[in-house]
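Chains A and B supply the protein sequences, listed in that same order.
According to the working numbering, the stretch in the first sequence is residues 1 to 212, in order.
According to the working numbering, the stretch in the second sequence is residues 213 to 499, in order.
Yeah, the Cβ is synthetic: ideal placement off N, Cα and C, and Gly gets one too.
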Amino acid sequence: MNVLMALVKSDFIKLLSLRKTLLLFGTVTLAFALLPQMLIFSFAVALYGLLYSALAYDDSNAAFNWYGALPVNRRQIFQAKYLFALALILLLVLVTGALSGMSTLVTSRYSPNMLLASMTIAVTGGILFTAITLPLTLCLGSAKSRIYALLLYIGCFAAMGQADPAWLAAIVEIPWFGFPFLPLLFAGACLLLALGYLWGVGRFTRKEFRTE
Amino acid sequence: MNVIEIHDLKKTLGNFHLSIPSLAVPEGYVTGFIGENGAGKTTTIKLMMNHLFPDQGQISLFGQNSQQKNQQFKEWIGYVGDVSGFTVQATLLQLKEMTRPFYSKWDEAVFRRLTDRFALDLKKPLKDMSKGQQKQFSLAMALSHHPRLLLMDEPTTNLDPLVRQDFLDILQNQLEQEGVTVFFSSHITSDLDKVADYVLFLHQGQIVLNMQPKDRLLETHRIVKGPAALFTPETRPYLLDLRKTDYGCTALTTQYAQTYALLGQEAVYDIPTLEDVFIGYARGEKQ
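This is how it looks when you write it as structure tokens:
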């Protein structure tokens, strides 16, 4: 098996082993995904719970001692975490989308267009979350990264408050599934993901795996 | 061939300074790496495993720089660290499934044999295992891919005597069958008394005794005891760690013949344990 695939597989096995976490977030996801208007919420809860749990349990188990014993280098570990996050986003959006889709078919209270848009928003949000959470957590640890992530979010909200209304109005004009912000937001999320990767990969390669 | 080679290694962590000018671990032997808690044993092993990076110097494993980009040489290493890093919520079977794909020589039969021998329930999560069982599992995992080098950091700490003995028995069986090189850090010197071929002593980040055959070390050293008046200034060059006791003086000598010539039969000469020798070197500048 390819080393990256083996690393991604190990993260999924790790998730399966977190039974209580899986049960909690699984139940919330299943319950809310049946309401199409709650698709984004259920996706966000599941992604936060599962991705952050996997990273936090790595920290609490000092998992880098295990990674450090394997015949893999740090770059491969870092890349595999990104692949795992993207696979998780894909899996969750398909699960929540399928559940919401079935519900839409039965109730006909939600248009397929809206459903598709919700799934795109969910994926975009997932990529944004990953773009910020993953490099910070891998490079700084889950405890320290929370502070930096919080500062980033505050900064983003402050910047949005200062944005030129004309500039915002121009963005609104771009249509995509009837939701004008989406293409720019999606592109921005992907760009941020790439930048986060570039910022983190060098740091992670130089990171020492200390137990304390 | 030397499996591990260290040249001019220096590492600072806070107020702690590790310095190993040179070290060469030969293939096919058990090397006991002895030092008190905080001496730098874990730091040295973590540097070998590339978990930490040296400030200066070089470490080679199997002739390859341990810091090189390609870490494929770790396929030849079985590592039992002070902390395993395993997901404690996972079952032993899940942990095996997480680890197995990385090793081309993974041997399921060896894994089953060892876990059966240790009577480990593979369906149980690691967190439900005792510390001893967790170490046994770590050893089983480390040996199941036929390593050429077994790097172990305090593997027998916190184990009860029965489990410790079983652990050492398995280790010795494996060594006899496969000729693995073992580098084994411990402050429990009695374990190394049983299994080590070579020993080296680390004290406060410095090597105080470098790679000596254990048996020869014990043959050439003696614990000398006798009345205080016997230990005149002329005897001091041959003694380490001269201490006064309620009954006179005791010291470790590195030169038994010369010491005997000076002190004669008035002194008592005991064969030391590794612990005695380590304490002698750690405490004593030659007096």
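In terms of beta-carbon proximity, B:K286 lines the interface with chain A, with at least one pair separated by less than 7 Å. Taking the Cβ atoms as the reference, B:D294 lies roughly 6 Å from B:E366, within the contact range of under 8 Å. Considering only beta carbons, the part of the segment 259-282 of chain B lying closer than 8 Å to chain A consists of M261, N262, H263, L264, F265, K281, N282, in chain order.
Residue pairing for B:D372: DSSP places it in no beta bridge. For B:P238, the uninterrupted beta strand (DSSP E) run begins and ends at 228-238, by DSSP. B:A302 carries a coil assignment under DSSP once its states are collapsed to helix, strand and coil. Under the DSSP assignment, B:F245 falls in the beta strand (DSSP E) whose first and last residues are 242-247.
The Cβ neighbour count for B:K456, taken over all protein chains shown within 10 Å, is under 16; the residue is labelled exposed. Within the same chain, G438, P439, L442 come within 8 Å of B:E478 by CB-CB distance, once the 5 residues on both sides are set aside. Excluding its 5 nearest sequence neighbours in each direction, A:F41 has C-beta neighbours in its own chain below 6 Å: F32, listed in chain order. For A:I77, no chain B residue has a C-beta closer than 9 Å to its own C-beta; the minimum C-beta separation is roughly 10 Å. When secondary structure is reduced to three states using DSSP, B:M353 falls in the helix class. For B:A440, none of the residues of chain A pass the 7 Å Cβ criterion, the least Cβ distance being about 45 Å.
One finds nothing in chain A with a Cβ atom closer than 8 Å to the Cβ of B:M341; even the nearest lies about 14 Å away. Proximity of B:P359 to chain A, defined by a Cβ-Cβ separation below 7 Å, is not satisfied.
A:L39 is a Cβ neighbour of A:T96, given a cutoff of 7 Å. A residue is called buried once 16 or more other Cβ atoms fall within 10 Å of its Cβ, and B:S397 is buried on that count. Interface with chain A (7 Å Cβ-Cβ cutoff): B:V295 is included. For a Cβ distance threshold of 9 Å, nothing in chain B lies close to A:S53: the least Cβ distance comes to about 10 Å. Here B:E287 is not bridged, per DSSP, to any residue. The segment 107-121 of chain A makes no contact with the segment 55-70 of chain A: fewer than 3 CB pairs, one atom from each, lie closer than 8 Å.
Pairing B:L351 with A:Q37, the inter-Cα distance amounts to about 52 Å.
For A:F78, same chain residues with a beta-carbon under 7 Å away, outside a window of 5 residues either side, are L138, G200, V201, F204 in chain order. Taking 7 Å as the cut-off, the Cβ atoms of A:D11 and A:F129 do not count as close.
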